[in-house]
Each structure stands twice: as C-alpha cells, then as structure tokens.
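Presented below is the structure to which this report refers.
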Amino acid sequence: MLMDQKWQRSRLASEVAVTSLVTVLFFLFTLFSAALLGGCAGRTQDVNELAGVAKRVDALELKVGNVQDTLFNGGQVSLLAIQPAFAETMRRYADRFADMFFAAKNGNWALAAYMDRRMREAVASLRVTRPRDWSAVNSFHRTSLDPLLAATAKMDFAAFQSQYAKTIVTCNSCHAAMGFSYVMFVQPTQPAQPNLNYTAKTKATDFKEFLPPGTP
Ligand code: HEC
Numbered sequence: 287m288l289m290d291q292k293w294q295r296s297r298l299a300s301e302v303a304v305t306s307l308v309t310v311l312f313f314l315f316t317l318f319s320a321a322l323l324g325g326c327a328g329r330t331q332d333v334n335e336l337a338g339v340a341k342r343v344d345a346l347e348l349k350v351g352n353v354q355d356t357l358f359n360g361g362q363v364s365l366l367a368i369q370p371a372f373a374e375t376m377r378r379y380a381d382r383f384a385d386m387f388f389a390a391k392n393g394n395w396a397l398a399a400y401m402d403r404r405m406r407e408a409v410a411s412l413r414v415t416r417p418r419d420w421s422a423v424n425s426f427h428r429t430s431l432d433p434l435l436a437a438t439a440k441m442d443f444a445a446f447q448s449q450y451a452k453t454i455v456t457c458n459s460c461h462a463a464m465g466f467s468y469v470m471f472v473q474p475t476q477p478a479q480p481n482l483n484y485t486a487k488t489k490a491t492d493f494k495e496f497l498p499p500g501t502p
C-alpha cells in the first residue's frame, strides 16, 4: 500500500515535470514563431514600400523624362520632350540679337540692355534640356556677350559695333562646331521686330533689371 502510494507520487511528479517541460517548449516555440512572423511581416512591409517608391519614380519619369539624353519609354509624354531645344530657342535669341543692334545704334541703350538679358533668358532652359551643350553657351556669354554688354553699359557705339561683328563670328563658330556650318548669321540690316521705338534716348541702367557683365 505504502509502496503503491510512493510509486503513484513519483509518477505524478514525473507527469508534472513532463507537462511543465512541454509547456515551456510550447511557450518557446510560440515566441520563436512570433518573432519569425514579425520579421516576415517587416520584410513584406519593406517590399511594399519599395514597390510604392518605384511606382512614384516611374510616374515622375513619365512626367519629366530622362535628363541624361536617353529616351525613357514614356519619353513622348515627358515635359522634356516638348521643350524647345536649340532651333526654336535660337530663333528668339537671334531676333533679340538683331534688335539689340538697332537699339544701340539709335541710342536706346536701355532697350539694348533689355535685349541682352532676354537673350540670356531665352537659352537658360538649355541648361536642363541640353545639359551637355550648356558649357558652350555659357562660355559664349562670357567671351562674346559680356563685352557687348560692357559697351552697352558705357553707351559706346563704336566699341559696341566692333564687338558686334566679333560676336557674329563666334555665333557662327558654335554653329560649325555643332555640325551646322551652313547656319550663318550675318550683320542684320533691319530689326526682327520693326514695331519698337529704337530711337528713344535712354541709358543702359534705365533697364530696371540691368545686371553688370559677368552675371550669368
Ligand atoms: C552653343 C552654340 C551656339 C551658339 C553660341 C549660337 N548658336 Fe545659333 N544655333 C546653334 C545650333 C546647334 C543651331 C541649330 C539648331 C538645330 O536645328 O538643332 C543654331 C541655329 C541658329 C539659327 C537658326 C534657327 C532657326 O531654326 O531658324 C539662328 C538664326 C542662330 N542659331 C543664330 C545665332 C546667333 C545670332 C548667335 C549668336 C548671338 C548664335 N546663334 C549662337 C548653336 C549655337
């Protein structure tokens, strides 16, 4: 009887031990799975975020195109694709360059300074649309438009006229360098915009946005 009780007690004890061990193991397993699932959930979230970012980059590229001159397959709808590049820009550039001459010749120096600034603005977009050619435009401004603006600031037509002829030569050198040697600008004999008063007597600094030579 006593033996029986003893045996039963030890059986009970071992059953308790086994149950506790199973419980502990189960608890550990639950913890481990939770950690594993949590990790996976984190990764799924990362993947979703990446997919979201990629979608936004695609949408942005569709809008702005690829600035590196390689057409993105949505290029035809990009803002970059519909920007005027050299040809249209040069039309406006050349017209203002011609008008500048008549303004200087007739003493409307503010109008000459105005034309200089608007010429520079006309090509400013090339910095974005034709980034590889921007340095050529910029160096042309330094070497060929700045001296013209200096003569404008001094209201010195003799200096202006001789620099104007030199500037025409550099205009055409750039054309040749870029494969357009047959696009030859010549000394204009009339303004591109005839309906402006070229003879009003003004100073260069009357142009309120006047910036000294050397400003981009
Ligand atoms: C950085 C180089 C560069 C400089 C500097 C430059 N041009 Fe041009 N120009 C071009 C290129 C390139 C074209 C041809 C554009 C095309 O068709 O792709 C062009 C075209 C032109 C055209 C023809 C535009 C048309 O289609 O009717 C005129 C006019 C012109 N340029 C005038 C001038 C004048 C005037 C100057 C100087 C005050 C000048 N350019 C300076 C690069 C230049």
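Throughout the sequence shown, residue numbering follows my numbering, covering 287 to 502 in sequence.
C-beta atoms are modelled at their ideal positions from N, C-alpha and C, and glycine is treated no differently.
Bear in mind the structure is a predicted one, so any value in this text is a computation, not a measurement.
### Coarse secondary structure for T501, derived from DSSP in three states
coil
#### Entry: Short Cβ contact (7 Å threshold) for L434 with Q449
Between L434 and Q449, the gap from beta carbon to beta carbon is short of 7 Å.
### Query
Any heavy atom of the ligand HEC closer than 6 Å to the CB of F466?
yes
### Task
Would you mind sorting Y400 into buried or exposed? The rule is 16 or more other CB atoms within 10 Å of its CB.
buried
### Task
Could you tell me how far apart the beta carbons of M268 and A373 are, in whole angstroms, since I believe they sit closer than 8 Å?
Beyond the ends of the chain as shown, which are 287 and 502, falls residue 268; an answer cannot be given.
### Ranges of the alpha helix (DSSP H) found wholly within the region 388 to 412, counting only runs of at least 4
DSSP runs (the alpha helix (DSSP H)) wholly in the region 388 to 412: 395 to 410.
### Task
Please look up how many angstroms separate the CB atoms of A408 and T375, rounded, as I've assumed it's under 8 Å.
6 Å
### Query
Curious, which full-length alpha helix (DSSP H) runs of at least 4 residues does the region 407 to 468 contain?
Unbroken alpha helix (DSSP H) stretches of 4 residues or longer found wholly inside the region 407 to 468: 412 to 415, 420 to 426, 432 to 440 and 443 to 463, given in chain order.
### Query
So who's on the other strand from T488, going by DSSP bridges?
N394
### Chain-order list of residues whose beta-carbon lies under 7 Å from that of Q479 (same chain, five-residue window excluded)
D381 and D385
### Task
Measure the C-alpha to C-alpha separation of A410 and R404 and round it to an integer number of angstroms.
When rounded, the distance between both Cα atoms is 10 Å.
### Query
Does the beta-carbon distance from G500 to D442 come in below 7 Å?
no
### Query
Can H461 and V472 be called in contact, C-beta distance under 7 Å?
no
### Task
Using the Cα positions of T330 and G338, report the straight-line distance between them to the nearest angstrom.
12 Å
### Message
Distance check for Y379 and W420, CA to CA, integer angstroms please.
### Response
15 Å
### Message
For the ligand HEC, is there any heavy atom lying closer than 6 Å to the beta carbon of V423?
### Response
yes
### Query
Which residues in the same chain as A463 place their Cβ atom closer than 8 Å to its Cβ, once the five residues preceding and following it in sequence are excluded?
A422
#### Entry: CA-to-CA distance, N458 to A371, given in whole angstroms
Roughly 18 Å between the two C-alpha positions.
### Message
Taking 6 Å as the limit between beta carbons, can you name the residues of its chain near F388, skipping five residues before and five after?
### Response
Excluding positions up to five away in sequence, the list reads P477 and Y484.
### Message
Using 7 Å as the threshold, is the C-beta distance between F493 and A396 below it?
### Response
yes
### Message
Residues in the same chain with beta-carbon distance under 7 Å from E495, minus the five sequence neighbours each way, listed in chain order, please.
### Response
R403
### Message
Which of the three DSSP states is assigned to E374 in this structure?
### Response
helix
### Task
Closer than 6 Å by C-beta to S430: which residues in its own chain qualify, once you throw out the five before and the five after it? Chain order, please.
Result list for S430: T453 and T456, in chain order.
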